[in-house]
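K.L.:
Please see the structure below; I have some questions.
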Amino acid sequence: MNASGQAGELRPVRIPAGRVTLDGDLGVPERAQGIVLFAHGSGSSRFSPRNRFVAQELRKAGLATLLLDLLTPEEETIDLRTAHLRFDIEFLAERLIAATEWVVQHPDTRGLPIGYFGASTGAAAALVAAARRPDVVRAVVSRGGRPDLAGAALPYVQAPTLLIVGGADVPVIALNREAMRQLRADKELIIIPGAGHLFEEPGALEEVARAATGWFQRYLGEARRAAAA
């Protein structure tokens with residue numbers, strides 16, 4: 010049994026990232042087929058109830074999860090006043106890459122294929138990080154994301170990418186369609202009818218979780234099988 014327990018219960022971890030240390034919650038079920046790192050969106054944290062719900066569903070499906078704060082508490086305090094760091098995509102991507110390096114080396118997660126789940130501006134950070142680490146990032150899912158903010162990194166993303174947008178989130182739909190045109194990796198856009206930006210409507214978040222689970226099982230599972238062959 011790994012240190013996270015048979016059911017993949019969450020436990021707090023501390024992740025070095027340059028001169029700071031980030032807080033995270035790690036859950037690793039038995040015989041995990043991969044691990045998904047969560048990059049939270051504007052003004053959010055690892056305690057986001059929406060992302061924690063999706064992470065729970067992923068663990069039920071046999072995937073490890075790492076929910077982490079890309080900002081320190083001190084940086085969060087500054088960002089609440091300025092809203093600057095949450096839009097610094099390069100900065101957030103570097104933090105996500107640092108967490109990825111930690112996952113690659115950690116005894117509980119070493120060797121697991123890696124995926125990213127990004128929400129809002131966190132989706133752009135996930136795509137930039139995926140473009141920089143094509144050797145380890147095997148799949149990306151964006152929920153209500155701003156992939157357009159990944160800018161020039163989009164054509165360099167090699168990881169299969171799933172973009173999920175609410176049908177009522179009209180401006181973000183347009184931004185995701187534009188990002189789709191720039192992505193060259195395997196890609197898909199799912200629009201959930203009637204859902205808003207936060208997927209608060211009945212059943213909407215469940216649809217997000219189902220789509221994300223299927224995507225990660227497919228591509229992280231493929232990577233796992235290829236590594237075992």
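Under our numbering, the sequence shown has 66 at position 57, and the numbering climbs by one with no breaks. Ideal Cβ positions, reconstructed from N, Cα and C, are used throughout, including at glycine.
1. Whole beta strand (DSSP E) runs in the region 85 to 149 with 3 or more residues, listed along the chain?
2. Let's see if you can read the secondary structure: which residues bound the alpha helix (DSSP H) around phenylalanine 225?
3. If you follow the beta strand (DSSP E) that leucine 67 is part of, which residue opens it and which one closes it?
4. How far does the alpha helix (DSSP H) with leucine 184 in it extend, from its first residue to its last?
5. Apart from the five residues just before and just after proline 268, which ones in its own chain have a Cβ nearer than 6 Å to its Cβ?
6. Going by DSSP in three states, glycine 33 sits in which element: helix, strand or coil?
7. Using 8 Å for Cβ pairs, my map puts alanine 213 next to glycine 175. What's the rounded Cβ distance?
8. Among all the DSSP beta bridges, which residues are the ones paired with alanine 26?
9. Could you check the C-alpha separation between proline 58 and glutamine 191 for me, to the nearest Å?
10. By the three-class DSSP mapping on this structure, what secondary structure does proline 164 have?
11. Do leucine 75 and leucine 46 count as a contact pair if the criterion is CB distance below 7 Å?
12. DSSP state of alanine 48, grouped into three classes?
13. With 16 as the cutoff for other CB atoms within 10 Å, does arginine 234 come out buried or exposed?
14. Just to confirm, are aspartate 88 and arginine 55 a CB contact at a threshold of 7 Å?
15. Taking the alpha-carbon positions, what's the arginine 20 to arginine 68 distance?
16. Between valine 63 and alanine 221, is the Cβ-Cβ spacing less than 7 Å?
17. Which whole-angstrom value describes the C-beta separation of alanine 41 and leucine 171, a residue pair presumed to lie in contact below a C-beta threshold of 8 Å?
18. Whose CA, out of Ala161, Leu163, Gly153, Leu79, lies closest to the CA of valine 1?
P.N.:
Answer, in terms of the structure:
1. Fully enclosed beta strand (DSSP E) runs of 3 or longer: 123 to 128.
2. Within the sequence shown, the letter at position 216 stands for residue 225. Element bounds for phenylalanine 225: 213 to 237.
3. In the sequence shown, residue 67 corresponds to position 58, counting from 1. Careful: leucine 67 lies outside any beta strand (DSSP E), inside the alpha helix (DSSP H) at 58 to 69.
4. For the purposes of this step, residue 184 is taken as residue 175 along the sequence shown, with counting starting at 1. Element bounds for leucine 184: 179 to 191.
5. Nothing can be reported for residue 268, as the shown portion of the chain is limited to 10 through 238.
6. Counted from its first residue, the sequence shown places residue 33 at position 24. In the structure shown, glycine 33 sits in a strand (DSSP, three-state: E or B).
7. The sequence position of residue 213 within the sequence shown is 204, counting from 1. The sequence position of residue 175 within the sequence shown is 166, counting from 1. Confirmed, about 7 Å.
8. For the purposes of this step, residue 26 is identified with residue 17 of the sequence shown, where counting begins at 1. According to DSSP, residue pairing for alanine 26 in a beta bridge involves Val29.
9. As a working note, residue 58 is residue 49 in the sequence shown. As a working note, residue 191 is residue 182 in the sequence shown. Answer to the nearest angstrom: the Cα atoms are 31 Å apart.
10. Position 155 of the sequence shown, counting from 1, holds the residue named residue 164. In this structure, proline 164 counts as helix in the three-state DSSP scheme.
11. The residue given as residue 46 occupies position 37 in the sequence shown. The residue given as residue 75 occupies position 66 in the sequence shown. Taking 7 Å as the Cβ cut-off, leucine 46 and leucine 75 qualify as a contacting pair.
12. As a position in the sequence shown, residue 48 is number 39, starting the count at 1. When secondary structure is reduced to three states using DSSP, alanine 48 falls in the strand class.
13. The sequence position of residue 234 within the sequence shown is 225, counting from 1. Arginine 234 is exposed by the Cβ-count criterion.
14. For the purposes of this step, residue 88 is taken as residue 79 along the sequence shown, with counting starting at 1. For the purposes of this step, residue 55 is taken as residue 46 along the sequence shown, with counting starting at 1. Arginine 55 is positioned such that its CB atom lies no closer than 7 Å to that of aspartate 88.
15. For the purposes of this step, residue 20 is taken as the residue at position 11 of the sequence shown. For the purposes of this step, residue 68 is taken as the residue at position 59 of the sequence shown. Arginine 20 and arginine 68 have their C-alpha atoms spaced approximately 13 Å apart.
16. Position 54 of the sequence shown, counted from the first residue, corresponds to residue 63. Position 212 of the sequence shown, counted from the first residue, corresponds to residue 221. Yes, Cβ-Cβ distance for valine 63 and alanine 221 is below 7 Å.
17. Taking the sequence shown and counting its residues from 1, the one referred to as residue 41 is at position 32. Taking the sequence shown and counting its residues from 1, the one referred to as residue 171 is at position 162. 20 Å between Cβ atoms; not a contact.
18. The displayed coordinates of the chain run from 10 to 238. Any statement about residue 1 would go beyond what the structure contains.
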